[in-house]
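Protein chains in written order, with the working numbering: chain A, 158 to 564; chain B, 158 to 564.
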């Protein structure tokens, strides 16, 4: 059990020979990168691998070597794609693709990519890095990534209520069906029934791009994280019209609305003789975050209800492990379901699509794969072949930054 | 069939003796008034009334005279409640309430009122006008008002698609159940199963107050109507991130998203190097209107689906007969239901709650009712007693402004 795939978002400067596959998820706001670096050339021999796989009930083809190494995660703003291209180039990550096995003599390199940007920026990648983007379906990648994390990573999913994070025990044999809510610039809601069995059942255009976009227009914030940070100090009651504001401080108890329930997001901005400059960015950010998180929670619950799904997993880079965001979504799901449903979150929420694209390398004919004598199979990818993988957190709880996986 | 209740929002200066009941719906943003003025003292005699009621299958108590007259509608911004109080005072409308029949010697006047402001502003009405507000439940009034309009008023409900208004034939015997979506500052969604049989099943804080509040902060608009008007000239694609923006101009056809589908409302505001001043108020208004209307349409549909309701009626002062608002809501319901459900609108959308409060006068013991020899029963109120009333439009189609009712 000592083969390790170490996941990190702290890229080190890697010598070229150690860089393996690169996969991209190019969304409307962010580009997410996953790439694999070997620890060294310590490929295990077949016997050792076989014995280990058997102990895990693996059905994989054991004739190939297994590599130990680290999975690195990185992200860039899509609007700064040139920074991303430069990063890839400087790290020589673009060599970590695969060759077209139907044309063995070709030296054309393909990089797995998903998200709309895989289409939009294909020419740019060709021009700047000389690589072709091999496009993988966005929803498929999200689901593959989610299934991997939920099945393979110990303490991946958790609930969040009243400031308390509680890890959920997910039985991999009792995972399906569930609702996956991926909150990127926009929001996709996907009913997942099994490996590769899913349907995008709903979504909403009020997502991370709305929070950031409206937030930028309403405040002087320069980036998403700054805006999110501001919300910590804010008070949504300054701008939101509460039930108590309409009812003179009392509840509307008959229909279960307390005085502090938000009746109208940003509704107080209508009756005050105030302009934008009179409101604190902190309060604006808080109201905005609450409006969007609550709305996503509500629509998610209604869709879970519609299909009889007990579990709702929220992912995507909008969340960023942010306490108030998770709390609002949790409260919304709890409120609208009258306590029947529960929101769950993923520790590695932001890289589902990129992980899914990364795993799709396995679908390729692997003979032409290696660029720099990179082994054709590596531990973390085994999951997508349906094998059992068990991962445990690597000591400290640093969320996105590090998973220690043993296969 | 010549007893007329004429509904108008063009209040005339009425001599005091002709003013009858006043009812109020005091919401977070707007105060809606309904008051009745007699044409003259032409009360019908009992025989005439009886014969007419019988021909309509009425079961009402025919011993009381019936009055012909006009129902007037008016509205004020809640933030300008003093204007409203002044209007009521100058028109002597505050005398159009009822006396407490359990204390015949008292000269205390009660005015029927609903909405949160009936609680919040009760003391103010007492202080300024010397009247007590007799509070009626908000949801009950909305439902009573909607049922009256849907049953009694010919060509009240209509669909709106591709700029085409089409009146719906509603069979009063096949009205229930339906979903009533009232879009005020916030949004209430009410499942209506019959006269007085209803449940508030959902709602959203993204309503008219959000449109107006955010709109005020983002533009220089001085009022709701100006903001709504601006949206006519706007183009939401300037600020909204479309699927095509992410996918480089192409559709995401696999999951049924066209290139022009909004992926992220206000999502383009993140990637541009633009601030608020660089966006046209027209475009902001359009994006805002579309975001909120689409969201309401989506959540409404999900709730209709949940309870198996075929008809969704949208009302509330947010709509204001505005073509683009209705079009967006209709498209949203059509999109999310894949053509299975249809949005319907009400011509007299803004006064449901006030009408419901008005009708609740009938619940009072009527002996102490008259202030100025006002008859204790008038045509339009008969509906709330379950009698059949047929209304027809008064010639020209001027929507909120005029209904001619014959009972």
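C-beta: ideal position from N, C-alpha, C; glycine also.
Remember, it's a predicted structure, so these values are computed and weren't measured experimentally.
* Just the C-alpha distance for residue 464/B and residue 359/B, rounded to the nearest angstrom, thanks. => Each residue's Cα considered, the two are about 11 Å apart.
* **Minimum Cβ-Cβ distance from residue 453/A to chain B less than 8 Å** => Closer than 8 Å: no.
* Asked: So which residues on chain A does residue 411/B lean against when the C-beta distance must stay under 7 Å?
  -> The contacting residues are 294.
* To do: Kindly say whether residue 240/B, judged by its beta-carbon, lies nearer than 8 Å to any beta-carbon of chain A.
  => Taking Cβ atoms only, chain A never reaches closer than 8 Å to residue 240/B, which makes this a no.
* Under 7 Å by beta carbon: chain B residues contacting residue 462/A -> In chain order: 463.
* Asked: In the structure shown, what three-state DSSP assignment does residue 230/B receive?
  -> Secondary structure at residue 230/B: strand, using DSSP grouped into helix, strand and coil.
* **heavy atom of the ligand SAH below 7 Å from residue 385/A C-beta** => The model on display carries no ligand, and the ligand SAH is accordingly not part of it.
* Can you tell which of 512/A, 439/A, 467/A has its C-alpha closest to the C-alpha of residue 376/A? -> Taking each of 512/A, 439/A, 467/A in turn and checking the Cα distance to residue 376/A, the smallest one comes out for 439/A.
* Asked: So what does residue 421/B bridge to, in DSSP terms?
  -> Residue 421/B pairs with 398/B.
* Pull out every residue of the stretch 243-270 of chain A whose Cβ sits closer than 9 Å to any Cβ of chain B, in chain order. => The residues in question: there are none.
* Asked: The alpha helix (DSSP H) with residue 455/B in it runs from where to where?
  -> 438-463 is the span of the alpha helix (DSSP H), which, as asked, contains residue 455/B.
* Where residue 287/B and residue 266/B are concerned, what is the direct C-alpha to C-alpha distance, given to the nearest angstrom? -> Take the alpha-carbon of residue 287/B and the one of residue 266/B: they are about 8 Å apart.
* Inter-residue CB distance, residue 302/A and residue 510/A (contact presumed, cutoff 8 Å) -> About 6 Å separates the two Cβ atoms, so the contact holds.
* Using a Cβ-Cβ cut-off of 8 Å, state whether residue 477/B counts as contacting chain A. => Residue contact with chain A for residue 477/B: absent (no Cβ-Cβ distance below 8 Å to any residue of chain A).
* Specify, as a first and last residue, the run of the beta strand (DSSP E) that residue 290/B falls within. => Where residue 290/B is concerned, the enclosing beta strand (DSSP E) starts and stops at 288-292.
* Asked: Just by C-beta distance, which residues in the stretch 339-364 of chain A are closer than 9 Å to chain B?
  -> Answer in chain order: 341, 342, 343, 344, 345, 356, 357, 359, 360, 361, 362, 363, 364.
* Could you run through the stretch 418-430 of chain B and flag, in chain order, every residue whose CB is less than 9 Å away from some CB of chain C? => This model lacks chain C altogether; the protein chains it does include are A and B.
* Return the bridge partner residues of residue 468/B from the DSSP annotation. => DSSP output for residue 468/B lists 499/B as bridge partner(s).
* Taking 8 Å as the CB-CB limit, is residue 481/B close to chain A? -> Closer than 8 Å: no.
* Asked: Quick one: is residue 567/A buried, meaning 16 or more other Cβ sit within 10 Å of its Cβ, or exposed?
  -> Residue 567/A falls outside the range modelled here, since chain A spans only 158 to 564, and no answer is possible.
* Does any residue of chain B bring its CB to less than 8 Å from the CB of residue 186/A? -> With 8 Å as the cut-off, residue 186/A counts as an interface residue toward chain B.
* What residues from chain A crowd round residue 402/B, counting only those whose CB sits closer than 9 Å? -> In chain order, 185, 273, 277 make up the part of chain A whose C-beta sits under 9 Å from the C-beta of residue 402/B.
* If we ignore side chains and look at the alpha-carbon of each, how far apart do residue 471/A and residue 368/B end up? -> So the two alpha carbons sit approximately 27 Å from each other.
* **Every unbroken alpha helix (DSSP H) within the stretch 255-280 of chain B, with a cutoff of 4 residues, ordered by chain** => Within the stretch 255-280 of chain B, complete alpha helix (DSSP H) segments of at least 4 residues are found at 274-277, given in chain order.
* residue 141/B, enclosing beta strand (DSSP E) - first and last residue -> Residue 141/B lies beyond the range of chain B shown here (158 to 564); nothing can be said about it.
* Sequence-distant residues of its chain with Cβ nearer than 7 Å to residue 350/A (five each side left out) -> These residues qualify, in order along the chain: 333, 334.
* Asked: Should residue 367/B be flagged as near chain A, meaning a C-beta pair shorter than 8 Å?
  -> True, the Cβ-Cβ gap to chain A drops below 8 Å.
* Asked: Along chain B, in chain order, which residues have C-beta atoms closer than 9 Å to that of residue 236/A?
  -> Within 9 Å Cβ-Cβ: 427, 428, 429, 430.
* residue 137/B versus residue 443/B: straight-line alpha-carbon distance, rounded -> With chain B covering only 158 through 564, there is no way to say anything about residue 137/B.
* Asked: Can the beta-carbon of residue 477/B be found closer than 8 Å to that of residue 501/B?
  -> Contact: no.
* Classify residue 273/B as buried or exposed, calling it buried when 16 or more other Cβ atoms lie within 10 Å of its own Cβ. => Buried, because 16 or more other Cβ atoms sit within 10 Å of the Cβ of residue 273/B.
* Asked: When the Cα of residue 403/A is compared with those of 409/B, 306/B, 243/B, 186/B, which residue comes out closest?
  -> For residue 403/A, the nearest C-alpha among the options comes from 186/B.
* To do: Have a look at the DSSP bridge pairing and note the partners of residue 321/A.
  => In the DSSP output, where bridge partners are listed per residue, residue 321/A has 318/A.
* Mind listing the chain B neighbours of residue 407/A? Cutoff is C-beta to C-beta under 7 Å, in chain order. => Going along chain B in sequence order, the residues near residue 407/A (Cβ under 7 Å) are 276.
* Asked: Which word fits residue 480/B, buried or exposed, when buried means at least 16 other C-beta atoms lie within 10 angstroms of its C-beta?
  -> By the 16-neighbour rule on beta-carbons within 10 angstroms, residue 480/B is exposed.
* Cβ-Cβ distance between residue 348/A and residue 329/A below 8 Å -> Going by C-beta atoms, residue 348/A is not nearer than 8 Å to residue 329/A.
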